[in-house]
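To start, the structure itself, in structure tokens.
Listed below in structure tokens is the structure:
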């Protein structure tokens with residue numbers, strides 16, 4: 315069986331100019347980044363403001379396991395399949411982070427015959443967006459320490475600086491550090507730390523901004539820390555929002571590439587869904603909706619994380635609504651959620667599959683709570699047995715859920731035709747009654763309780779002493795009217811990663827909050843979730859190399 319990179323390297327790519335022309339773009343609408351990548355103008359939304367929007371299809375999934383769900387692969391395959399049945403479809407994805415690429419999770423370019431290309435470049439440096447975000451973030455961090463060193467006119471309390479440096483790698487050694495050691499000329503000593511770039515507020519801002527002006531305004535509203543009198547200090551107080559926006563003037567432009575079957579794909583922004591909001595940029599999604607009749611986009615991890623944040627945060631910031639949802643499920647992952655180990659997944663086990671259906675059922679209920687029509691996509695694996703597939707399809711039929719067997723990894727768009735036809739039919743015939751889980755006027759406590767009850771299926775929420783103090787302070791600042799971004803394990807509906815399937819009667823513990831006022835939400839940290847991951851014992855980087863002629867090997 316060929317690897318993803320072998321399949322990708324055998325594909326024939328069209329010049330990016332041909333992809334741009336297929337979208338009726340003029341030369342003023344895009345600029346080439348090599349032969350197969352391009353930057354789209356960030357002014358396209360203004361140019362097409364009077365053009366009707368295409369239908370937005372959100373792809374989400376059940377709770378992920380090491381068995382894999384293939385959400386990005388299904389997203390790419392569905393986009394290709396829609397074009398096969400005569401629809402003008404565009405894919406909108408997130409950019410991969412080097413953290414999981416070099417770590418264990420892998421890239422974000424899809425797989426098999428449903429990939430976006432050139433996958434090697436997309437999974438590595440791409441067009442430099444993540445580097446620009448890293449640079450802008452760390453320029454701000456340097457400005458903060460320099461301000462304190464140069465007299466601290468704003469009276470920033472070094473013990474209460476919230477803004478951290480970032481790197482786009484997994485490096486647990488950087489979670490807690492001390493800076494400014496070595497004497498007066500080296501700065502003011504203080505405790506600091508790093509986040510991974512994709513968890514940074516500037517990444518979230520780039521993905522939630524509607525244009526360059528909005529980007530600058532949001533950057534100016536970043537809370538970098540507090541004064542000795544416990545008053546918040548903003549980027550606008552340092553007067554550096556212009557310089558930071560300058561560093562992002564190209565990064566705000568969406569990236570245009572293509573799939574193996576030459577379907578246009580817009581890839582832009584890449585916040586994690588377990589520690590950030592998990593969606594590609596608003597500009598990318600809305601641009602795709604102007605250029606195509608259908609947009610297939612994804613949100614990270616399961617419906618309890620990425621989909622909830624897409625629907626409660628992104629749609630509010632972008633002022634749009636999705637038209638339908640695809641819930642990706644695999645028999646392998648359902649069996650793991652049913653209680654068997656990864657080593658037993660190749661064996662037929664209807665009892666484990668039956669037990670794991672509760673996880674799928676909860677995610678279905680979540681999408682129903684949002685009032686959106688959906689189709690369940692069974693992402694086919696070679697080890698799935700006929701009996702297991704028939705059981706899952708029969709379960710969906712008994713519950714009156716639209717379901718489609720999907721084989722896009724092996725067959726590309728052809729393997730997603732059934733899914734494409736059913737999602738189009740669902741959009742055309744179903745009523746949409748979209749609503750959010752909570753209202754912005756709700757208190758932060760109420761917002762979190764509604765998420766826990768309606769999305770996670772838990773019974774309650776406990777707040778640490780620190781979190782309770784923060785809640786009172788945020789209310790005084792008027793920040794309690796913002797949406798909530800839950801930082802939670804992806805492996806369980808609860809905040810305990812070992813509780814698979816559909817745990818019940820659990821309590822979510824909020825240990826602390828972090829203000830992302832520029833992004834426009836409050837981050838609530840649960841369990842032991844980390845904003846700087848670590849590398850596994852055997853990182854994926856150990857398999858990677860480049861030959862003397864420049865050919866990349868071992869990249870998935």
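In the numbering used here, the protein residues as written are 315 to 870.
We put the beta carbon where it would ideally sit given N, CA and C, even for glycine.
Is it the case that the stretch 724-735 contacts the stretch 664-678, given that we only count it when at least three CB pairs across the two stretches are under 8 angstroms?
The stretch 664-678 vs the stretch 724-735: no contact.
Whole angstroms are fine: how far does the CA of residue 412 sit from the CA of residue 860?
Along the chain shown, one-based indexing puts residue 860 at 546. Along the chain shown, one-based indexing puts residue 412 at 98. The straight-line gap from Cα to Cα measures roughly 17 angstroms.
How many Å lie between residue 405 and residue 746 at the Cα?
Numbered from its first residue, the chain shown carries residue 405 at position 91. Numbered from its first residue, the chain shown carries residue 746 at position 432. Between residue 405 and residue 746, the C-alpha separation is close to 22 angstroms.
Tell me the residue span of the beta strand (DSSP E) that contains residue 593.
Against the chain shown, residue 593 aligns to sequence position 279. Run containing residue 593: none; DSSP gives neither H nor E here.
How is residue 823 classed by DSSP in three states: helix, strand or coil?
Along the chain shown, one-based indexing puts residue 823 at 509. Of the three classes helix, strand and coil, the one that applies to residue 823 here is strand, per DSSP.
Output the distance between the C-alpha atoms of residue 500 and residue 482, rounded to the nearest integer angstrom.
Taking the chain shown and counting its residues from 1, the one referred to as residue 500 is at position 186. Taking the chain shown and counting its residues from 1, the one referred to as residue 482 is at position 168. Looking at the two C-alpha atoms, the distance is approximately 25 angstroms.
Taking a contact to mean a Cβ-Cβ separation below 8 angstroms, would you say residue 352 touches residue 570 in this structure?
Working through the chain shown from its first residue, we reach residue 352 at position 38. Working through the chain shown from its first residue, we reach residue 570 at position 256. Yes.
Can you tell me which of 364, 386 and 361 puts its alpha carbon nearest to the alpha carbon of residue 373?
Numbered from 1 along the chain shown, position 59 holds the residue referred to as residue 373. Out of 364, 386 and 361, 386 has the C-alpha closest to the C-alpha of residue 373.
Just grab the DSSP bridge partners of residue 352 for me.
Sequence index remark: in the chain shown, residue 352 carries index 38 (1-based). Beta-bridge pairing links residue 352 to 346 and 570.
Quick check: residue 564 and residue 446, are their CB atoms within less than 8 angstroms of each other?
Residue numbering aside, residue 564 sits at position 250 when the chain shown is read from its first letter. Residue numbering aside, residue 446 sits at position 132 when the chain shown is read from its first letter. Yes, the pair counts as a contact, with Cβ atoms nearer than the cut-off.
On the three-pair Cβ rule with 8 angstroms, is the stretch 752-762 touching the stretch 510-523?
In short, these stretches do not touch, since the Cβ pair count stays below three.
When DSSP labels each residue in this structure, what does residue 739 get in the three-state scheme?
By one-based count along the chain shown, residue 739 stands at place 425. Of the three classes helix, strand and coil, the one that applies to residue 739 here is helix, per DSSP.
Where does residue 428 sit, in a helix, a strand or coil, going by DSSP?
Translated into positions along the chain shown, residue 428 becomes position 114. Residue 428 falls in the strand class under three-state DSSP.
Taking 8 angstroms as the cut-off, does the stretch 427-441 touch the stretch 529-542 (at least 3 CB pairs, one atom from each stretch)?
Touching, no.
Assuming residue 618 and residue 697 make a contact with CB atoms under 8 angstroms, what is their CB distance in whole Å?
For this step, residue 618 is matched to residue 304 along the chain shown. For this step, residue 697 is matched to residue 383 along the chain shown. Their Cβ separation, rounded to whole angstroms, is 26 angstroms, which puts residue 618 and residue 697 out of contact at 8 angstroms.
Looking only at its own chain, which residues have a Cβ that is under 6 angstroms from the Cβ of residue 384, when we skip the five neighbours before and after it?
Residue mapping note: residue 384 aligns to position 70 of the chain shown, counting from 1. Cβ within range, chain order: 693.
What residues are listed by DSSP as bridge partners for residue 759?
Here residue 759 refers to the residue found at position 445 of the chain shown. Looking at the DSSP assignment, residue 759 forms no beta bridge with any residue, so it has no partner.
What distance in whole Å lies between the Cβ atoms of residue 870 and residue 510, which are believed to be in contact at a cut-off of 8 angstroms?
Position 196 of the chain shown, counted from the start, is the residue given in the question as residue 510. Position 556 of the chain shown, counted from the start, is the residue given in the question as residue 870. Incorrect: roughly 20 angstroms between the Cβ atoms, too far for contact.
Round the Cβ separation of residue 378 and residue 684 to the nearest angstrom and send it over; I've been treating them as touching at under 8 angstroms.
The residue given as residue 378 occupies position 64 in the chain shown. The residue given as residue 684 occupies position 370 in the chain shown. Actually they are not in contact, since the Cβ atoms of residue 378 and residue 684 sit about 20 angstroms apart, beyond 8 angstroms.
Measuring alpha carbon to alpha carbon, tell me which residue in 360, 519 and 491 is nearest residue 506.
Counting from one through the chain shown, the residue named residue 506 turns up at place 192. The candidate whose alpha carbon is nearest that of residue 506 is 491.
What distance in whole Å lies between the Cβ atoms of residue 583 and residue 598, which are believed to be in contact at a cut-off of 8 angstroms?
Position 284 of the chain shown holds residue 598. Position 269 of the chain shown holds residue 583. Correct: roughly 7 angstroms between the Cβ atoms.
Can residue 415 and residue 720 be called in contact, C-beta distance under 8 angstroms?
For this step, residue 415 is matched to residue 101 along the chain shown. For this step, residue 720 is matched to residue 406 along the chain shown. No, the pair does not count as a contact, with Cβ atoms beyond the cut-off.
Might you give, ordered along the chain, the residues of its own chain that have their beta carbon closer than 7 angstroms to the beta carbon of residue 730, omitting 5 neighbours on each side?
Along the chain shown, one-based indexing puts residue 730 at 416. Taken in chain order, the residues that qualify are 391, 392, 394, 395, 720 and 722.
Span of the beta strand (DSSP E) holding residue 372?
As a first step, residue 372 is located in the chain shown; it is residue number 58 there, counting from the start. First-last of the beta strand (DSSP E) with residue 372: 369-375.
Can you tell me whether residue 390 is helix, strand or coil according to DSSP?
Locating residue 390 in the chain shown gives position 76, where the first residue counts as 1. Here residue 390 sits in helix by DSSP.
Buried or exposed: residue 562, going by 16 or more other Cβ atoms within 10 Å of its Cβ?
Walking along the chain shown from the start, residue 562 turns up at place 248. Buried is the call here.
Among the residues of its own chain, which have a CB less than 6 angstroms from the CB of residue 855, if the five just before and after it don't count?
Position 541 of the chain shown, counted from the start, is the residue given in the question as residue 855. Only 416 meet the Cβ criterion.
If the criterion is Cβ atoms closer than 8 angstroms, does the pair residue 547 and residue 539 meet it?
On the chain shown, residue 547 is found 233 positions in, with the first residue counted as 1. On the chain shown, residue 539 is found 225 positions in, with the first residue counted as 1. A contact, by the Cβ cut-off of 8 angstroms.
Kindly indicate if chain C contains any beta-carbon less than 8 angstroms away from that of residue 776.
The chain labelled as chain C is not found in the depicted structure, where only one protein chain is given.
Classify residue 802: buried if its beta carbon has 16 or more other beta carbons within 10 angstroms, exposed otherwise.
The residue given as residue 802 occupies position 488 in the chain shown. Under this definition residue 802 is a buried residue.
Please classify residue 540: does DSSP put it in a helix, a strand, or coil?
Here residue 540 refers to the residue found at position 226 when the chain shown is read from its first residue. It is a strand residue.
Please report the straight-line C-alpha distance between residue 573 and residue 330, rounded to a whole angstrom.
Numbered from its first residue, the chain shown carries residue 573 at position 259. Numbered from its first residue, the chain shown carries residue 330 at position 16. Cα-Cα distance, rounded: 11 angstroms.
Return the chain-ordered list of same chain residues with a C-beta closer than 6 angstroms to the C-beta of residue 622, the five sequence neighbours on each side being excluded.
For the purposes of this step, residue 622 is taken as residue 308 along the chain shown, with counting starting at 1. Excluding positions up to five away in sequence, the list reads 769.
Between residue 613 and residue 592, is the Cβ-Cβ spacing less than 8 angstroms?
Here the question's residue 613 lines up with position 299 in the chain shown. Here the question's residue 592 lines up with position 278 in the chain shown. Cβ distance < 8 angstroms, so residue 613 and residue 592 count as in contact.
Where DSSP assigns a beta bridge to residue 313, which residues make up the other side?
Any answer about residue 313 is impossible in this case: the structure gives the chain only from 315 up to 870.
From this set, 831, 625 and 778, which residue's C-alpha is nearest residue 477's C-alpha?
As a position in the chain shown, residue 477 is number 163, starting the count at 1. Of 831, 625 and 778, the residue nearest in Cα terms is 831.
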